[in-house]
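*Asks:* Following this message is one structure expressed as structure tokens.
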Amino acid sequence: MLIDFHTHTTASDGALSPSELFSRAVDRGLTALAVTDHDTLAGWQAAQSLQSHGVALVCGVELSCLWGGATIHVVGLNVNAKSEELLEALDHLQQLRRDRAEKIAAKLERLGAVGALAGAQALAGDAAICRPHFAHWLVSEGYMPTVSRAFDKWLGNGKPGDIKTPWPALADTVAVIVAAGGVPILAHPLKYRFTRTKLRALCDAFSVAGGLAVEIVNGRQSDAEITQLKRLAVDKNLSVSLGSDFHREWTYGADLGVDVAIAGDISGVWEMIL
Ligand code: AMP
Ligand code: MN
Ligand code: MN
Ligand code: MN
0 MLIDFHTHTT ASDGALSPSE LFSRAVDRGL TALAVTDHDT LAGWQAAQSL
50 QSHGVALVCG VELSCLWGGA TIHVVGLNVN AKSEELLEAL DHLQQLRRDR
100 AEKIAAKLER LGAVGALAGA QALAGDAAIC RPHFAHWLVS EGYMPTVSRA
150 FDKWLGNGKP GDIKTPWPAL ADTVAVIVAA GGVPILAHPL KYRFTRTKLR
200 ALCDAFSVAG GLAVEIVNGR QSDAEITQLK RLAVDKNLSV SLGSDFHREW
250 TYGADLGVDV AIAGDISGVW EMIL
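Quick note on numbering: numbering that gives the first Met the number 0 labels position 194 of the sequence shown as 193, and the sequence is numbered without any gaps.
Right, here's the structure in full:
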């Protein structure tokens, strides 16, 4: 059984519209697809009205938050899209994104990239600006050769465009997902580049706050990484989730769909959701 519980659309920093993403899920024979755009339900909302073609659509979101001074992403699945707590949290996150985009643009302008805010907003359309919108605009204007160079030089951690943003605390974010009746999942645990000790502390804090699962697959990962994450989940008594973190067709990225067999006998969030 193929599922994908971590994907993006044009409602955040993905390249496919919600209906294009959904068609791709149908073509690839997925049993279930969660749309988990950054800090918005708009992608799921747009996909909701589509014919299911046998693919179960799960309402999801990927929320930005802070723990130990680092930005952490928590995926919430099967959230009630009418939850007041969730809608209030999303409004706040959208405002933080708007404020941050202005600050990022000001930094880029000082580096010589004139018109960054309007350029990124044009690429984002109705979506709140995400850093990849700036990266793609920098490439399209010839300021940077590739998106990954744009992150390495200007937008990535510790670079000028890495603006300190007062995202909500991890515990509050998990609480919002729980209040919305959803399943809180720690996204891509290895992307934070924490030491093993710090990663275990993050899992403890996440668990104490009400977190239920960790992603053991997020895009392309080595077998060793998957093994490491399975061990972490078992040690910390957390369920597991699987996703491609699909943003666009990309040579180095994963396509939609992960086989649930990867989890072996560890309990998967799909058992709670489907
Ligand atoms: P934001 O939430 O606006 O800070 O943007 C974070 C997004 O940027 C992530 O979800 C990825 O899609 C993308 N991203 C982060 N780091 C990189 C990188 N080094 N290269 C390409 N994309 C990246
Ligand atoms: Mn993204
Ligand atoms: Mn993420
Ligand atoms: Mn993501």
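No residue lacks a Cβ here, since even glycine has one placed at the ideal position from N, Cα and C.
1) Looking at residue 129 and ligand 2, is the gap between the Cβ and the nearest heavy atom below 8 Å?
2) Taking the runs of the alpha helix (DSSP H) that are 4 residues or longer, which of them lie wholly in the region 127–209?
3) Under the three-state reduction of DSSP, which class applies to residue 245: helix, strand or coil?
4) DSSP on residue 234, reduced to helix/strand/coil?
5) Output needed for residue 108: all residues of its chain with C-beta closer than 7 Å, excluding positions within five of it in sequence on either side, in chain order.
6) Among the residues of its own chain, which have a CB less than 6 Å from the CB of residue 13, if the five just before and after it don't count?
7) In or out: residue 144 buried (at least 16 other Cβ within 10 Å) or exposed?
8) Does the Cβ of residue 59 lie closer than 8 Å to at least one heavy atom of ligand 1?
9) Return the residue from the list 148, 64, 231 that minimises the CA-CA distance to residue 165.
10) Starting from residue 76, follow the beta strand (DSSP E) in both directions and report where the run begins and ends.
11) Thinking just about the alpha-carbon of each residue, which of 119, 0, 68, 201 is nearest to the one in residue 187?
12) Using the DSSP secondary-structure output, state which residues sit across from residue 3 in a beta bridge.
13) To the nearest whole angstrom, what separates the beta carbons of residue 257 and residue 231, a pair I think is in contact under 8 Å?
14) What does the Cβ neighbour count give for residue 75, buried or exposed, with the cut at 16 atoms within 10 Å?
15) Thinking residue 57 and residue 21 are a contact (beta carbons under 8 Å), I'd like their distance in whole angstroms, please.
16) Could you tell me whether the Cβ atoms of residue 106 and residue 71 are closer together than 9 Å?
17) Any heavy atom of ligand 2 inside 8 Å of the beta-carbon of residue 244?
18) Measure the C-alpha to C-alpha separation of residue 16 and residue 253 and round it to an integer number of angstroms.
19) Buried or exposed for residue 223, going by 16 or more other Cβ atoms inside 10 Å?
20) Check residue 11 in the structure and name its three-state DSSP category.
21) I'd like to know whether the C-beta of residue 208 is nearer than 9 Å to at least one C-beta of chain D.
*Replies:* Judging by the given coordinates:
1) Because some heavy atom of ligand 2 lies under 8 Å away, the Cβ of residue 129 counts as near it: yes.
2) Secondary structure within the region 127–209: the alpha helix (DSSP H) runs of 4 or more consecutive residues, fully enclosed, are 130–139, 146–149, 169–178, 195–208 (chain order).
3) Looking at residue 245 - three-state DSSP - the assignment turns out to be strand.
4) DSSP places residue 234 in helix when its eight states are reduced to three.
5) The residues are 115.
6) Contacts found: 7, 246.
7) The residue is exposed, with fewer than 16 neighbouring Cβ atoms inside 10 Å.
8) It does not: the Cβ of residue 59 is nowhere closer than 8 Å to a heavy atom of ligand 1.
9) Nearest of 148, 64, 231 to residue 165, Cα basis: 64.
10) Here the beta strand (DSSP E) through residue 76 covers 69–76.
11) Among 119, 0, 68, 201, the Cα nearest to that of residue 187 is on 201.
12) According to DSSP, residue 3 bridges with 32.
13) By a beta-carbon distance limit of 8 Å, residue 257 does not contact residue 231. Their separation comes to about 18 Å.
14) Residue 75 comes out buried.
15) Actually they do not touch by this definition, with Cβ atoms about 12 Å apart.
16) In this structure, residue 106 keeps its C-beta atom at 9 Å or more from the C-beta atom of residue 71.
17) True, at least one ligand heavy atom lies under 8 Å from that Cβ.
18) Each residue's alpha carbon lies about 18 Å from the other.
19) Residue 223 comes out exposed.
20) In the three-state DSSP reduction, residue 11 falls in the coil class, being neither helix nor strand.
21) You won't find chain D in this structure, because it holds only one protein chain.
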